[in-house]
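Each residue of the sequence shown is one higher than the one before, starting from -5 at the first, in the working numbering.
To start, the structure under review is shown below, and the notes come after it.
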Amino acid sequence: MESMRAQAERFGARILLDDAIRVDLDGPIKTVETGAGETFLARAVILTMGSAYRKLGLPDEDRLTGHGVSWCATCDGFFFREQEIVVVGGGDSAMEEALFLTRFASKVTVVHRRDEFRASKIMAQRVLDHPKIEVAWNSEIAGLVGAEKVEAVTLRDTVTGTERTISATGVFVAIGHDPRSEIVTGLVDTDADGYVLVEHPSTRTNLAGVFAAGDLVDHTYRQAITAAGTGCAAAQDAQHYLAALDETASVPTETEEVFA
């Protein structure tokens, strides 16, 4: 990250640690307003707001995040060596998380709302066959137990409504992602899930001079390297767009390329 920052600044880029709170993407000149009250004018804008992990919506979820609640097995699994862990979800991501965590945990309980997984058959079977993994079917997490860290979880049966508490020091949530596209909803075309649509293989959106990259457009891979690759493609697309503009067009002299 520091190398990237140094290289960008060496070539004249300004890196601003702030949120874009409002954008106007119509017309030849785009407007981006930040939380600090600055307004930027640009002929090209690249949207790279990414995606966010879906949360369980529990009262203590935020408080215990980093203290037993996690969304990344590869990041945090090591800290739960020989402990009992819960994985929430029923898709391929949840299966991958559960299988990975068996490297460290003494026991992994997969909590799923239904009576069968949505995951591919091969991934589901690997989970069902693993001696360290137990599945809590027709179940959801109703509560997190622990003052300073997770000590147990309360499970609710989605059919009968009955509740029970099981021991767990880690809760890994794998119930999907949501694109952080709220700021551009209704401004650029998105799909039913809110992901920004681009004209593949380019990164162009339906608006001239507006490009999108990374997890904001990616349903499938959601990896740093794939996001960086499409970010590079978006930068090149923006460069080509700017080069093709009529040089005689009336453009404010203080316009900049803005990465939202």
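Glycine is no exception: its CB is placed at the ideal position from the N, C-alpha and C atoms.
If you're wondering where the values come from, they're calculated on a predicted model, not measured in any experiment.
Sorting A221, I23 and D54 by C-alpha distance to the C-alpha of L239 places I23 at the top. Under the three-state reduction of DSSP output, A218 falls in the helix class. Rounded to whole angstroms, the gap between the alpha carbons of S100 and V129 is 15 Å. Within the DSSP secondary-structure output, R158 pairs in a beta bridge with L149. Distances from the CA of R48 to each of A88, I160 and D70 were compared; the closest alpha carbon is that of A88. By the Cβ rule, the stretch 172 to 184 counts as touching the stretch 33 to 46, because three or more pairs are nearer than 8 Å.
Counting only runs of at least 3 residues, the stretch 39 to 74 fully encloses the following beta strand (DSSP E) elements, listed from N- to C-terminal order: 39 to 41 and 45 to 47.
I127 sits close to V102, with the two beta carbons spaced by under 7 Å. Apart from sequence neighbours up to five positions away, the residues of its chain that approach W65 with a beta-carbon distance below 8 Å are Y47, F166, V167 and A168, ordered along the chain. Look at V121 here: in three-state DSSP terms it is helix.
Measuring C-alpha to C-alpha distances from T214 to each of A237, D231 and D172 identifies D172 as the nearest. Fewer than three pairs of CB atoms, one per stretch, sit closer than 8 Å, so the stretch 106 to 126 makes no contact with the stretch 136 to 144.
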